[in-house]
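Note that my numbering has the sequence shown beginning at 1278, numbered continuously upward.
For glycine and all other residues, C-beta sits at the position ideal for the given N, C-alpha and C.
As the structure is a computational prediction, the values presented were derived from the model and not from experiment.
Working notes for the structure below.
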Amino acid sequence: ICGMQTHMCVDSTTRAAKDLGFNCVVIGDACATKDLEINGVKVKAVDVQTAFLSALNYFYSTVMTTEQYLKQK
């Protein structure tokens, strides 16, 4: 799984796929997100990306780089 808005589309797709029984691989360096804000606090995109990928890697998927993924095939 890869794409834009790691915190939205990639996250929800990965979680739904896991719930449906798929074993997921997220290609972390082929995903992107943006800065977010809550209660006047800005969260940098790099921190959003790291948080969401680490959460997905915990249970819902294996997170790899493009290079790692291609080397295993």
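Contained beta strand (DSSP E) runs [length at least 3] in the segment 1316 to 1347, N- to C-terminal order: 1318 to 1320, 1338 to 1341
Sheet register partners of LEU1313 (DSSP bridge): Locating residue 1313 in the sequence shown gives position 36, where the first residue counts as 1. Per DSSP, VAL1320.
Neighbour-count burial assignment, TYR1335, 16 or more Cβ in a 10 Å radius: The count along the sequence shown starts at 1 and reaches residue 1335 at position 58. Under this definition TYR1335 is an exposed residue.
At least three beta-carbon pairs within less than 8 Å, the segment 1326 to 1346 to the segment 1297 to 1306: yes
Backbone secondary structure at CYS1308 - three-state DSSP: Taking the sequence shown and counting its residues from 1, one reaches residue 1308 at position 31. Strand, per DSSP.
Own chain residues within Cβ distance below 6 Å of LEU1330, not counting five before or after: Within the sequence shown, residue 1330 is the residue found at index 53, counting from 1. Excluding positions up to five away in sequence, the list reads GLY1305, VAL1340.
Straight-line gap, GLY1298 to ILE1315 (C-alpha atoms, nearest Å): As a working mapping, residue 1298 is identified with position 21 in the sequence shown. As a working mapping, residue 1315 is identified with position 38 in the sequence shown. If you take the alpha carbons of GLY1298 and ILE1315, they lie about 33 Å apart.
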